[in-house]
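What follows is a single structure, written as structure tokens, with notes after it.
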DNA sequence: TACAAGTTAGTAAGCACTTACTTACATGGA
DNA sequence: TCCATGTAAGTAAGTGCTTACTAACTTGTA
């Protein structure tokens, strides 16, 4: 439970310890929520006295806030459209939606803690979810609905409110990731690779399931 | 804050009080989670002393367990296919998916607390979410994927793993409901009626967005 | 008047957070 | 090369408050 990986009889630099506390806190908040996680438990898992937590973070709320910054800087919030720039240029519709989906699914899988953290914060009306959705999600909405709008004008897509299409598509991905992290982690109901899921989601969105 | 609706200077019958406590607890657990809700707060909102809560429920965990029973019996778990039986018989594909979607969206809207409660319990690894998903959700998966399978055999639907299709469709609905309850309750990003959302989701699933 | 509904006034344990202190270590002048 | 010194890492032992939960009592009503 304590001091899990390596023995550190010696002390750590402040910055290293800070990050260590942050990462333990992320794991615990993700697992048990904000109010379900005690500062004592965090300190215990880090292998340090509780006072150290408060040396690095003014209070528990500030620790939470700093997790947001940390996550926002280190993870997930780089440009989500960089990897599909070629498909965008080529107006390769399947490539665009497949790329977006695959990207998202892989990301979610790598960082399940982040999904849980986001959900916890959304349920507890914390800032993280607001920040995340206002900056990140609405950007995706704007971008994708812009793309759809353009393709509608070019006569390639049918005339339907682009934001509903985005909601449908984002829903496929998020729900799939949430199923795999929250409700069906053993994937009893459905077990598919990220590639297959992304491919089918993109196909369904573009062509539907009717012959 | 206290005693919000009607004056009750007189006392209540045990059973009525029990249900009142249950319903207040549901609202608070939904809002702030299990560990974020105190028994004191519950008693306060009911307008009764904290000891009364423990007269009716042996402890906080038992209160939570009884909420599950209460919700499972009273709400949400009636047959979700009853209302689309005619469309099913007529093999009206749009009708089937539109009906399912509209049904789900309306249900979620009526009972936002239930969504929040489910999410909280999923995140906290409580029993409610397991029970619900094993009994209710997997039933929907079986049923819908059965329908899709049948229509594939009849040569009407393309050949794609039915459960992926169900995941995509369920994802549209759940994510839409979650957006409206959790992340964008003012519907800034997207504001549509349940009917329109259901119609577009069904159309997208069946026909896609390409011309 | 019997008995259930209700309260008051607790308890021990747990919570976030603080205080007052001790230790390890890098550094620079002798 | 030594070791005094400043500083940052670290701790033990609290603080006052909140928590879930209880016991012993009072009150309303059928």
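Chains as they are written, first to last, in the numbering used here: chain B, 1 to 211; chain W, 1001 to 1211.
C-beta: ideal position from N, C-alpha, C; glycine also.
Between residue i and residue j, which are expected to be in contact by the criterion C-beta below 8 Å, what is the C-beta distance as a whole number of angstroms?
{"i": "residue 32/B", "j": "residue 1127/W", "result": "Actually they are not in contact, since the Cβ atoms of residue 32/B and residue 1127/W sit about 16 Å apart, beyond 8 Å."}
{"i": "residue 1172/W", "j": "residue 168/B", "result": "4 Å"}
{"i": "residue 1209/W", "j": "residue 102/B", "result": "Going by Cβ atoms, the distance from residue 1209/W to residue 102/B rounds to 19 Å, so no, they are not a contact pair."}
{"i": "residue 1192/W", "j": "residue 164/B", "result": "6 Å"}
{"i": "residue 202/B", "j": "residue 94/B", "result": "6 Å"}
{"i": "residue 211/B", "j": "residue 1036/W", "result": "Between residue 1036/W and residue 211/B the Cβ distance is about 50 Å, and since that is not below 8 Å, they are no contact."}
{"i": "residue 1176/W", "j": "residue 1105/W", "result": "7 Å"}
{"i": "residue 1200/W", "j": "residue 160/B", "result": "6 Å"}
{"i": "residue 148/B", "j": "residue 1138/W", "result": "That pair is no contact at about 33 Å."}
{"i": "residue 1120/W", "j": "residue 1034/W", "result": "7 Å"}
{"i": "residue 140/B", "j": "residue 185/B", "result": "At roughly 25 Å, the Cβ-Cβ gap does not stay under 8 Å, so residue 140/B and residue 185/B are not in contact."}
{"i": "residue 118/B", "j": "residue 132/B", "result": "6 Å"}
So what does DSSP say about residue i, is it helix, strand or coil?
{"i": "residue 17/B", "result": "helix"}
{"i": "residue 1191/W", "result": "coil"}
{"i": "residue 41/B", "result": "helix"}
{"i": "residue 211/B", "result": "coil"}
{"i": "residue 1095/W", "result": "helix"}
{"i": "residue 239/B", "result": "Outside the displayed range of chain B (1 to 211) lies residue 239/B, so it cannot be described from this structure."}
{"i": "residue 1027/W", "result": "helix"}
{"i": "residue 1206/W", "result": "helix"}
{"i": "residue 1036/W", "result": "coil"}
{"i": "residue 1196/W", "result": "helix"}
{"i": "residue 6/B", "result": "Here the model assigns residue 6/B a pLDDT of 33, short of 50, so the residue's position is not dependable, and the following value carries that caveat. Residue 6/B falls in the coil class under three-state DSSP."}
Could you tell me the boundaries of the alpha helix (DSSP H) in which residue i lies?
{"i": "residue 1185/W", "result": "Per DSSP, residue 1185/W belongs to no alpha helix (DSSP H) and is neither H nor E."}
{"i": "residue 165/B", "result": "162-178"}
Is residue i close to the ligand FAD? I mean its beta-carbon at under 7 Å from any heavy atom of the ligand.
{"i": "residue 1097/W", "result": "Here there are no bound small molecules, and the ligand FAD is not part of this structure."}
Based on Cα-Cα distance, which residue from the options lies nearest to residue i?
{"i": "residue 43/B", "options": "80/B, 107/B, 25/B and 13/B", "result": "25/B"}
{"i": "residue 1115/W", "options": "1200/W, 1052/W, 1013/W and 1068/W", "result": "1068/W"}
{"i": "residue 111/B", "options": "15/B, 30/B and 47/B", "result": "30/B"}
{"i": "residue 1179/W", "options": "1097/W, 1160/W, 1092/W and 1109/W", "result": "1109/W"}
{"i": "residue 1039/W", "options": "1047/W, 1053/W and 1027/W", "result": "1053/W"}
{"i": "residue 23/B", "options": "64/B, 121/B, 157/B and 100/B", "result": "64/B"}
{"i": "residue 46/B", "options": "58/B, 59/B, 87/B and 27/B", "result": "27/B"}
{"i": "residue 99/B", "options": "145/B, 89/B, 189/B and 84/B", "result": "84/B"}
{"i": "residue 129/B", "options": "1189/W, 1182/W and 1016/W", "result": "1182/W"}
{"i": "residue 1195/W", "options": "1014/W, 1186/W, 1088/W and 1097/W", "result": "1097/W"}
{"i": "residue 89/B", "options": "17/B, 150/B, 48/B and 16/B", "result": "150/B"}
{"i": "residue 113/B", "options": "91/B, 71/B and 134/B", "result": "71/B"}
{"i": "residue 92/B", "options": "12/B, 142/B, 19/B and 157/B", "result": "157/B"}
{"i": "residue 73/B", "options": "135/B, 146/B, 142/B and 48/B", "result": "135/B"}
{"i": "residue 66/B", "options": "152/B, 18/B and 87/B", "result": "18/B"}
{"i": "residue 162/B", "options": "1012/W, 1204/W and 1142/W", "result": "1204/W"}
{"i": "residue 48/B", "options": "146/B, 142/B, 60/B and 20/B", "result": "20/B"}
| query | Can you list, in chain order, the stretches of the alpha helix (DSSP H) that have 4 or more residues and sit fully within the region 1101-1158 of chain W? | reply | 1112-1123, 1127-1132 and 1138-1153
| query | Whole alpha helix (DSSP H) runs in the region 1044-1093 of chain W with 4 or more residues, listed along the chain? | reply | 1050-1056, 1060-1074 and 1085-1090
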